[in-house]
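Residue numbers (the working numbering), protein chains in the order written: chain A, 1 to 159; chain B, 1001 to 1248; chain C, 2001 to 2204; chain D, 3001 to 3231.
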Amino acid sequence: MKPRQQRMLAVGLVIVGVAIATGLTLQAMKDSMMFFVSVTEVAEGKYPADRNFRVGGLVKDGTVQREEGSLEMTFEVTDLRCDLGVSYSGVLPDLFREGQGVVAHGSIDENGIFVADEILAKHDENYMAPEVADSLADHVQDQTLGLQYGPEECPTGDS
Amino acid sequence: MWKFIHQLASPPHFYRIAAKMIPWFMVPALLLIGYGTYAGLFLAPMDYQQGDAFRIIYVHVPSAYLSMMAYMVMAISAGIGLIWRIKLSHAVAAAAAPIGACFTFLALATGSIWGKPMWGTWWEWGDPRLTSELIMLFLYIGYMALRGAIDDTVKADKASAVLALVGAVNVPIIHFSVEWWSSLHQGPTLIKEGGPAMDPAMLYPLLAMILGFTLLFGAMLLRRVRTEVLFRERRTKWVNELVLSGGK
Amino acid sequence: MTARLSADGLTLFRGERLLFQGLSFALNPGELLLLEGQNGSGKTSLMRAIAGLIEFEDGDVMWDGRPVRLNRPSFYGSLVWMQHRVGFKADLTLVENLRFESHLRAQSDEDFDQVLDRLSISRLKRLPIRSLSAGQQRRVALARMLLSKVPLWLMDEPFTNLDRQGRQLVMDVTTEHLDRGGMCIMAAHQDVDIGGNVTKIVLQ
Amino acid sequence: MTNEDSSVGLMSGVLGVARRDLLLAWKRPGDILNPLFFFAMVAALFPLAVGPSPEQLQFSGPAVMWVAALLAMLLSLNSLFLSDFEDGSLDQMLTSPVPLSALALGKTLAHWLTSGLPLVVVAPVVAVTFQMPFFVTGYLMLTLLLGTISLSLLGSVGAALTVGLHRGTALLSLLILPLAMPILIFGARTVSLVAAGDGAAGGLYFLAAYAVLTLSFAPFATAAALRISNE
């Protein structure tokens, strides 16, 4: 093989390599977008009781209940379509509040309650004055979780 | 145009021109940073979630941005130096590294201070940007360590250029991996796609700070390259004449 | 008519020190270029730079009229070189070492025995290089040059560690190589008795 | 007497060097075994330090084993080009008619076969002591397989940059570790995910992508670095 051909071959191999790597990365990214599931998917019964997973949603207004003198608490998460009861015992992040987006890790118990062993909340990347935020709050929260469901009827979980 | 670039690449020429260029970077940089600091602290409203704590963004974001920018400047000029064998280009890469490392450190420090009120901890491994910024600092440290370990300037230039380029290929991968890793904690969609939404009264001071920091970086880079050039050319006639004439 | 190997205006620094400036030479088939100079005069550096292992500060070495640094594979296909450290793996046997290099040059190993006999190292064939004396290792390096069948030989101090017979062998082998139309660049302290077309470069 | 195009093909050059280095490794088995013992010992340090609680061992097993594997690879990298540099055969490689990047790839291949692959093979034995379930061990081996390929390739660049420098070992770690962090993240995390009952495909795809990417670039970077270091 002539040196020139060798160089061409090398360049060709690098291009092929980069193309394959890009393809694999895209595949990897597609797969890793599934880090939490929506409440609707849980309601559809896709996640059996013995499996650990993460569920993401908004803390439903007026559902947070704490037990006096302990860290036990319950609340509901919603994706504006389905609701899911969550029980949790532990320290909550500072930003946890009603209407806030949270991701909970845990599994469903026999009563259909999601028993969380970890709750995460995160401030979003929107910066605005408080008065503006008030008027926009609901809308913004919808966006930050990427929720696409309208307020339709929730599919029954028994199916 | 080509002739101008060629002239600029000659060390004595660059040394003179850079001296004249520094004020053109420094003065607007100080004005913009002055405005940004005042407007950021007093004119911008409080954030609806984070209150006054968010104001550290005016130092944090420009530093983080510059840590990337400085790496890009370093890698690109190292690459140019390696391929076209331009010595000035290597001097730019050598000069950019410590500045970049400082901005990276500043970004880490401010990020950590920001983390304390927001997350309740100085360091949060779950934050992808904090973690990848840390790896960025490690990359700078590796680059500077390699440079320091090789005595011969020409060899140090070339070896560190290879490292800078390999690092540049890896920077996006590191970011992606850290984001994937910490997304386990946060869920990637919580972070909004399409850039942050921000109140204009908060945004303008931030833009001013970013531009100001960039110009400041330019001024510091020019100064450091001048020193670097002087050191590298210390055996040449023009530097000797310069020294004898008292730097005029 | 351009020479096969030529150089014009070579300048080389080692660290801060200028070794030489504006050095030029030309080498054609059958010619020997002899580099002379005291210790530290830059013979080895010049040799390594010609082989493309060090970059010249200024000037280019041309092979068939094209700069070497742009045509490394074609230049290296025509070059073999003997340096201070012989460049063999101490744990591998003589034959294993030579076979590896023949493989890279796509040469058959059928004339191994003949060459090893000529250099009187046949009986060392199965020994690891580490158990050979310095002079014997030099002879193996000489075998590498003979087996490579390339036109350009670079020899840095080929007589080091060799006895009188060995030194004569180097000169004989080199003379034959030149007679066949080969080229050689040699750096040496001592007087070299090689007939034919010799050019000398004395480094200060 | 013109043999200008008489060099072997690229692939044959890669295999030629790899075969020589494997032969060398065969004659000095300690060079292969030492990193393996190191791997096992580092992995053993954690249970000794943390305590024998089975849950904790199961939880930290993938991470500990991955860190140990990374350090073992790092340990073996230092000598990759050192003996070639010292005995002058690097000079011979640099002036060989086969492109240097092919030779560098050959050396890296031999390095992986003598340090990466043995780690993959030994991993299940160590995994047993961490009470790792069978199918999780399978994933551990798979991630190690993909990850050590990238580590060998990246490491060859670092080893080439630091060959011949004083204090080369410490420097090599400084250069390579930041670049190796993505491998550690995806390797250890994927195994942890599998152990927790999640899917592993994303991490495996990424490790494969990183291996392919480093395979495309590292040989050229190594070749460039070798030329620079040997000046």
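Glycine residues also receive a C-beta, built at the ideal position from the N, C-alpha and C atoms. Just so it is clear, the structure is predicted and the values come from calculations on it, not from any experiment.
Might you give, ordered along the chain, the residues of its own chain that have their beta carbon closer than 6 Å to the beta carbon of Ala-2188 (chain C), omitting 5 neighbours on each side?
-> None.
Please work out which residues of its chain come closer than 6 Å, Cβ to Cβ, to Leu-2152 (chain C), disregarding the five sequence neighbours upstream and downstream, and give them in chain order.
-> Here the set comprises Ser-2078, Leu-2079 and Met-2183.
Along chain B, which residues have their Cβ under 7 Å away from the Cβ of Gly-2015 (chain C)?
-> Simply Asp-1152.
Ala-2187 (chain C) by DSSP, collapsed to three states: which one?
-> Note: Ala-2187 (chain C) maps to strand in three-state DSSP.
Using alpha carbons as the reference points, say which of A:Leu-120, A:Gly-101, A:Ser-87 and A:Glu-118 lies closest to Glu-110 (chain A).
-> Residue A:Ser-87 is the option with its Cα nearest to Glu-110 (chain A).
Classification of Ser-135 (chain A) by the beta-carbon crowding that lies within 10 angstroms, buried from 16 upward = Unreliable placement is indicated for Ser-135 (chain A), whose pLDDT of 49 sits below 50; the coordinate value is still reported in the next sentence. Counting C-beta atoms within 10 angstroms of its own C-beta, Ser-135 (chain A) has fewer than 16 neighbours from the protein chains shown and is therefore classed as exposed.
Per DSSP, Asn-2197 (chain C) forms a beta bridge with which residues?
-> Its beta-bridge partners are C:Glu-2031.
With a cut-off of 8 Å, does the C-beta of Arg-1235 (chain B) fall near any C-beta of chain C?
-> For Arg-1235 (chain B), the answer is yes, since a Cβ of chain C falls inside 8 Å of its Cβ.
Would you tell me roughly how many angstroms separate the C-alpha atoms of Phe-3130 (chain D) and Leu-2154 (chain C), rounded to the nearest one?
-> The alpha-carbon atoms of Phe-3130 (chain D) and Leu-2154 (chain C) are separated by roughly 58 Å.
Report yes or no: do three or more beta-carbon pairs, one from the stretch 1050–1059 of chain B and one from the stretch 1095–1102 of chain B, lie closer than 8 Å?
-> The stretch 1050–1059 of chain B is not in contact with the stretch 1095–1102 of chain B.
Could you check the C-alpha separation between His-2084 (chain C) and Phe-3038 (chain D) for me, to the nearest Å?
-> Taking the Cα positions, His-2084 (chain C) is about 36 Å away from Phe-3038 (chain D).
For Ala-2007 (chain C), name the three-state secondary structure that DSSP assigns.
-> Ala-2007 (chain C) falls in the strand class under three-state DSSP.
List the DSSP bridge partners of Arg-66 (chain A).
-> Under DSSP, Arg-66 (chain A) forms a beta bridge with A:Met-73.
Between the beta-carbon of Ala-1159 (chain B) and the beta-carbon of Ile-3176 (chain D), is there less than 8 Å?
-> No, these two residues do not count as a Cβ contact at 8 Å.
For Gly-90 (chain A), collect the residues of the same chain with a Cβ closer than 6 Å to its Cβ; drop the 5 residues on either side in sequence, then sort them by chain order.
-> In chain order, Leu-71 place their CB closer than 6 Å to the CB of Gly-90 (chain A), counting only its own chain and leaving out the 5 sequence neighbours on each side.
Can you tell me whether DSSP reads Thr-78 (chain A) as helix, strand or coil?
-> Here Thr-78 (chain A) sits in strand by DSSP.
If we call anything under 8 Å between Cβ atoms a contact, is Thr-2027 (chain C) one with Leu-2005 (chain C)?
-> Before going further, note that residue 2027 (chain C) is Leu rather than Thr in the sequence given. Cβ atoms of Leu-2027 (chain C) and Leu-2005 (chain C): closer than 8 Å.
Using a Cβ-Cβ cut-off of less than 9 Å, give me the residues of the stretch 3165–3199 of chain D that come near chain A, in sequence order.
-> So the close ones are Phe-3186, Ala-3196, Gly-3197, Asp-3198 and Gly-3199.
N-terminal and C-terminal residue of the beta strand (DSSP E) that Arg-3227 (chain D) is part of = No beta strand (DSSP E) holds Arg-3227 (chain D); the alpha helix (DSSP H) holding it covers 3201–3229.
Do three or more CB pairs link the stretch 1130–1139 of chain B to the stretch 3162–3179 of chain D at distances below 8 Å?
-> Yes, the stretch 1130–1139 of chain B touches the stretch 3162–3179 of chain D.
Secondary structure of Met-1046 (chain B), DSSP reduced to three states | Coil at Met-1046 (chain B), not helix or strand.
Do Phe-2088 (chain C) and Gln-2136 (chain C) come within 8 Å of each other at the CB atom, strictly closer than that value?
-> Their beta carbons are not under 8 Å apart, which means Gln-2136 (chain C) does not touch Phe-2088 (chain C) by this criterion.
Val-3163 (chain D) versus chain B: which residues are under 7 Å apart at the beta carbon?
-> Going along chain B, no residue has its Cβ under 7 Å from Val-3163 (chain D), so there is no contact; the nearest lies around 10 Å.
Inter-residue Cα distance where the pair is Leu-2035 (chain C) and Ala-2049 (chain C) | Straight-line Cα distance between these residues: approximately 13 Å.
Are the CB atoms of Gly-3197 (chain D) and Asn-52 (chain A) nearer to each other than 8 Å?
-> Yes, these two residues count as a Cβ contact at 8 Å.
Considering only residues of the same chain and omitting the five flanking positions on each side of Asn-2197 (chain C), which have a CB-CB separation below 7 Å?
-> Result list for Asn-2197 (chain C): Gly-2030, Glu-2031 and Leu-2032, in chain order.
Using the beta-carbon count (16 or more within 10 Å), is Trp-3205 (chain D) buried or exposed?
-> For the sequence presented, residue 3205 (chain D) should be read as Tyr rather than Trp. Result: buried.
Taking Cβ-Cβ distances below 9 Å as the criterion, which residues of the stretch 2073–2098 of chain C are in contact with chain D?
-> From the stretch 2073–2098 of chain C, only Pro-2073, Ser-2074, Phe-2075, Tyr-2076, Gly-2077, Ser-2078, Leu-2079, Val-2080, Trp-2081, Gln-2083, His-2084, Arg-2085, Val-2086, Gly-2087, Phe-2088, Lys-2089, Ala-2090, Asp-2091, Leu-2092, Glu-2096 and Asn-2097 have a Cβ closer than 9 Å to chain D.
May I ask you to report which of helix, strand or coil DSSP gives Gln-160 (chain A)?
-> Residue 160 (chain A) falls outside the range modelled here, since chain A spans only 1 to 159, and no answer is possible.
Same chain only: Cβ atoms within 7 Å of Met-3001 (chain D), ignoring 5 sequence neighbours per side = Summary for Met-3001 (chain D): the model assigns pLDDT 38, below 50, so the residue's position carries little reliability; its value from the coordinates is reported in the next sentence. Hits under 7 Å: none found.
Could you tell me whether the Cβ atoms of Leu-3172 (chain D) and Asn-3078 (chain D) are closer together than 8 Å?
-> Yes, Cβ-Cβ distance for Leu-3172 (chain D) and Asn-3078 (chain D) is below 8 Å.
Would you report the Cα separation of Glu-2110 (chain C) and Val-2095 (chain C), rounded to the nearest angstrom?
-> So the two alpha carbons sit approximately 12 Å from each other.
Would Leu-1146 (chain B) count as contacting chain C if we go by Cβ distances under 8 Å?
-> No, its Cβ sits nowhere closer than 8 Å to a Cβ of chain C.
So which residues of chain D does Asn-1240 (chain B) contact, with C-beta pairs closer than 9 Å?
-> In chain order: nothing, as chain D lies at least about 28 Å away.
Are Val-1171 (chain B) and Tyr-1071 (chain B) close, meaning C-beta to C-beta below 8 Å?
-> A contact, by the Cβ cut-off of 8 Å.
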